[in-house]
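Okay, so here's the structure we're looking at.
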Amino acid sequence: MLKIAAFLAASTLALAPPVLAQENGDASFRDRPQADEVVYFVLPDRFANGDPSNDRGGYRGDRLATGFDPSHKGFYHGGDLAGLTRKLDYLQGMGVTAIWFAPIFKNKPVQGPAGDESAGYHGYWVTDFTSVDPHFGTNEEFRTFVEAAHARGMKVYMDIITNHTADVIKYREGDANGYKYRHEADYPYSRQGGIGGKPINEGFLGGSVRTEENFAKLTDPSYAYTPYVPRAERNVKVPAWLNDPIYYHNRGDSYWVGESAVQGDFVGLDDLFTEHPRVVAGMIDIYGGWIDRFGIDGFRIDTAKHVNPEFWQEFVPAMLDRAKAKGIPNFHIFGEVATQDVDPALTARWTRIAGLPTNLDMAFAAAAQGLVSGKLPPSAMARLLEDDALYEGGAATALRTPTFLGNHDFGRFSMFVKQANPTASGEEMLARAMLGNAVMFGLRGVPVVYYGDEQGFVSDGNDQLAREDMFPSKVAVYNDNVLIGTQATTAQDNFDPTHPLYRQIATLAAARKAHPALRHGLTTIRAYDFEGPGLLAVTRHDPASGERVLVAFNTGATALNRNVSIDYDVSQVAPVVGNCPTGIAAPGSVALALPAFGYAICSLGKDD
Ligand SMILES: [Ca+2]
Ligand SMILES: [Ca+2]
Ligand SMILES: [Ca+2]
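Below, the structure is given as structure tokens:
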């Protein structure tokens, strides 16, 4: 217990009381810049069940008909918008200012090969892009949720998809070859079923000529395969234009490389022909409609790198204009450009070629996982921060970029920490989890907390294994997990505002709110170790307010004492969170003492 006290000292000294509703309930939330948000990412199905009557989505029959089976990790568990609305106090108490929820559009309830079916509980298999899925509630319940969040000054970010729909379209020749990807070189648009086939689509110049005149000549979708829609699903997609196979690439499954990465079906999910002007206009109409109707505050864009960049060049300005017209000047758009490598060039590239304002900081997540688990030296994170110059708009763009530690696809942060430290004690796991939160809240970018991380959830793996229930779970592979910082398991309700990670996040969020340099401060690297775990220290300076902060982390299992350079005109050091020195050591230097896995966020006052 003494050991845990040392680990916890960094965060327990300055625990702030929960933020009261009226403190955040500011009518001017629309004016709040994107960099000021603290985001909570949640799968509504796995969060809170506010209405058991919608658990089967109005369908009848077994789980293959309704999608509902709370004991199976791949089916609906009952969470919904009514539940999310009721838990706003819980989120606001942690300092959350914006909620990003996985897609709530109507899904194909169940899909997949016989014997390996799963459900659309995650929301990424859309059939009706204009309606809330009946498992989650109604469009009116969505309005209630948005208005309840806005009344508290909290923003709502929708998770949207333009790359694909549910898997509805099949190919006559598909079963015979496993829906293998068929390239343009072998199956050009000009011939039916390959270069030896009969001439079709005369005069069509391909997807790179994105004019209505050109696409008017694309009339026959049977160039690579013969696509068809099963009779029972002929009108299942909304709006109705989505039911016509001509608006899809129909080239087979992506193998994630080259042409197939953009034109291939995402594991069968019907890949839209996003070069087509009708598709561009249709998606602008669909998602502009959600802005018009509900006044939502931002979009997380799924599978962004699987769509041609020119689509985003049209879609993004259209959405920003639509939001401005609705009185939403700070509409927040962030794309999913997926990588598990420390590869900021990839995510930065898509801010340049596609005009995506920001992308989820996948490279930051990989760097943070490596840094805090001890697999990467602090120099890896320093390098990532220096590479902020790569973004369109440079380091200022990084300030608006959502950062995260783990997610629903790759797995939870704590899982990566545990994989790298399989024998770590519960105390050490808690200390490292806290260090991870401090890294995310202390460094540049908009922190995104993955639901359940604040209750110490530890996923066994990725995808379905990382999507545990916050309400009492019936999934055996979740309920045998050893959670961090609590004796509870996922078999119990886990909305505990006294959990040490929940309290730490509240403290860190309050620090961000109180200190503009933690939201708007540009980064100067001050010190980093480059062989094994150790020290990372940066200062951040907000040009507008003049405020400066020092942010430092010890990623090692032993305490460290080090001098770190600071601006020469700093005369005072004040603690914000963690183990801050009481003053400067000399003009231009401060002496840091950090316990194992310790951190410090310290105010250095304002510049002149
Ligand atoms: Ca329900
Ligand atoms: Ca399909
Ligand atoms: Ca695509």
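Heads up: the sequence shown at position 577 corresponds to 1191 in my numbering, and the numbers run straight through without jumps.
Positions of the beta carbon are idealized from the N, C-alpha and C atoms, including for glycine.
Please report the straight-line C-alpha distance between residue i and residue j, rounded to a whole angstrom.
{"i": "residue 1086", "j": "residue 798", "result": "50 angstroms"}
{"i": "residue 977", "j": "residue 816", "result": "44 angstroms"}
{"i": "residue 671", "j": "residue 732", "result": "15 angstroms"}
{"i": "residue 1218", "j": "residue 697", "result": "42 angstroms"}
{"i": "residue 924", "j": "residue 642", "result": "34 angstroms"}
{"i": "residue 1025", "j": "residue 1155", "result": "33 angstroms"}
{"i": "residue 718", "j": "residue 646", "result": "25 angstroms"}
{"i": "residue 966", "j": "residue 1093", "result": "44 angstroms"}
{"i": "residue 932", "j": "residue 1039", "result": "51 angstroms"}
{"i": "residue 954", "j": "residue 813", "result": "43 angstroms"}
{"i": "residue 631", "j": "residue 1112", "result": "In this prediction, residue 631 has a pLDDT of 42, which is less than 50 and means its spatial position is unreliable; nothing more can be read from the coordinates."}
{"i": "residue 876", "j": "residue 1201", "result": "55 angstroms"}
{"i": "residue 745", "j": "residue 840", "result": "30 angstroms"}
{"i": "residue 922", "j": "residue 686", "result": "36 angstroms"}
{"i": "residue 903", "j": "residue 765", "result": "22 angstroms"}
{"i": "residue 680", "j": "residue 723", "result": "7 angstroms"}
{"i": "residue 900", "j": "residue 909", "result": "14 angstroms"}
{"i": "residue 905", "j": "residue 1211", "result": "43 angstroms"}
{"i": "residue 637", "j": "residue 1095", "result": "Any reading at residue 637 must be qualified, since the residue scores a pLDDT of 43, below 50, and its modelled position is unreliable; no value is offered."}
{"i": "residue 619", "j": "residue 1047", "result": "For residue 619, the predicted model reports a pLDDT of 36, less than 50, meaning its position is unreliable and no value from the coordinates is stated."}
{"i": "residue 1164", "j": "residue 952", "result": "31 angstroms"}
{"i": "residue 1194", "j": "residue 1209", "result": "11 angstroms"}
{"i": "residue 945", "j": "residue 800", "result": "43 angstroms"}
{"i": "residue 725", "j": "residue 787", "result": "20 angstroms"}
{"i": "residue 1014", "j": "residue 707", "result": "23 angstroms"}
{"i": "residue 1147", "j": "residue 928", "result": "45 angstroms"}
{"i": "residue 1196", "j": "residue 1150", "result": "20 angstroms"}
{"i": "residue 1220", "j": "residue 760", "result": "38 angstroms"}
{"i": "residue 880", "j": "residue 829", "result": "23 angstroms"}
{"i": "residue 1176", "j": "residue 1057", "result": "20 angstroms"}
Can you tell which of the options has the C-alpha that lies nearest to the C-alpha of residue i?
{"i": "residue 833", "options": "863, 846 and 810", "result": "863"}
{"i": "residue 749", "options": "1081, 695, 762 and 792", "result": "695"}
{"i": "residue 930", "options": "894, 855 and 1134", "result": "894"}
{"i": "residue 868", "options": "856, 917, 897 and 1200", "result": "917"}
{"i": "residue 915", "options": "1179, 1133, 950 and 954", "result": "950"}
{"i": "residue 947", "options": "1011, 1000 and 884", "result": "1011"}
{"i": "residue 992", "options": "1049, 679 and 959", "result": "1049"}
{"i": "residue 926", "options": "890, 997 and 1098", "result": "890"}
{"i": "residue 1185", "options": "837, 1222 and 1082", "result": "1222"}
{"i": "residue 793", "options": "1101, 727, 737 and 1136", "result": "727"}
{"i": "residue 886", "options": "827, 821, 913 and 826", "result": "821"}
{"i": "residue 997", "options": "957, 1066 and 968", "result": "957"}
{"i": "residue 825", "options": "1074, 847 and 888", "result": "888"}
{"i": "residue 1130", "options": "975, 1216, 756 and 919", "result": "1216"}
{"i": "residue 721", "options": "737, 730, 865 and 715", "result": "737"}
{"i": "residue 1043", "options": "1106, 942 and 1098", "result": "1098"}
{"i": "residue 597", "options": "857, 1052, 940 and 795", "result": "This structure leaves residue 597 out entirely; the chain is present only between 615 and 1222."}
{"i": "residue 1191", "options": "1123, 1183, 1116 and 1174", "result": "1123"}
{"i": "residue 1060", "options": "847, 1126, 962 and 1077", "result": "1126"}
{"i": "residue 859", "options": "811, 782, 823 and 806", "result": "782"}
Based on the DSSP secondary-structure assignment, which residues constitute the bridge partners of residue i?
{"i": "residue 773", "result": "914"}
{"i": "residue 1155", "result": "1136 and 1162"}
{"i": "residue 1179", "result": "1203"}
{"i": "residue 862", "result": "886"}
{"i": "residue 1017", "result": "1061"}
{"i": "residue 825", "result": "Beta-bridge pairing links residue 825 to no other residue."}
{"i": "residue 714", "result": "655 and 771"}
{"i": "residue 1213", "result": "1167"}
{"i": "residue 725", "result": "732"}
{"i": "residue 690", "result": "682"}
{"i": "residue 946", "result": "912"}
{"i": "residue 972", "result": "948"}
{"i": "residue 839", "result": "According to DSSP, which records beta bridges pairwise, residue 839 is partnered with nothing at all."}
{"i": "residue 1002", "result": "Looking at the DSSP assignment, residue 1002 forms no beta bridge with any residue, so it has no partner."}
Is residue i near ligand 4 - that is, is its Cβ less than 7 angstroms away from at least one heavy atom of it?
{"i": "residue 797", "result": "Looking at this structure, you won't find ligand 4 anywhere; what it does contain is ligand 1, ligand 2 and ligand 3."}
Is the Cβ of residue i closer than 8 angstroms to any Cβ of chain E?
{"i": "residue 793", "result": "Absent from the structure is chain E; it holds one protein chain and no more."}
**Request:** Give a yes or no on contact between the region 850 to 859 and the region 770 to 778, applying the rule of three or more CB pairs nearer than 8 angstroms.
**Result:** no
**Item:** Closer than 5 angstroms to ligand 2: residues, by C-beta to nearest heavy atom, in chain order
**Value:** 781, 783, 882 and 884
**Item:** Any residue whose CB is nearer than 5 angstroms to a heavy atom belonging to ligand 1, listed in chain order
**Value:** 663, 665, 668, 669, 692 and 694
**Message:** Measuring CB atoms only, is the region 1023 to 1041 touching the region 986 to 997, in the sense that at least three cross pairs come out at less than 8 angstroms?
**Reply:** yes
**Asked** Any chance the region 1140 to 1147 sits against the region 1168 to 1180, with 3 or more Cβ pairs inside 8 angstroms?
**Response** yes
**Request:** Would you check if the region 648 to 656 and the region 700 to 719 touch, i.e. whether three or more CB-CB distances between them fall below 8 angstroms?
**Result:** yes
**Validate contact between the region 734 to 753 and the region 652 to 664 using beta carbons, cut 8 angstroms, 3 pairs** = yes
**Asked** Do three or more CB pairs link the region 1063 to 1075 to the region 1014 to 1023 at distances below 8 angstroms?
**Response** yes
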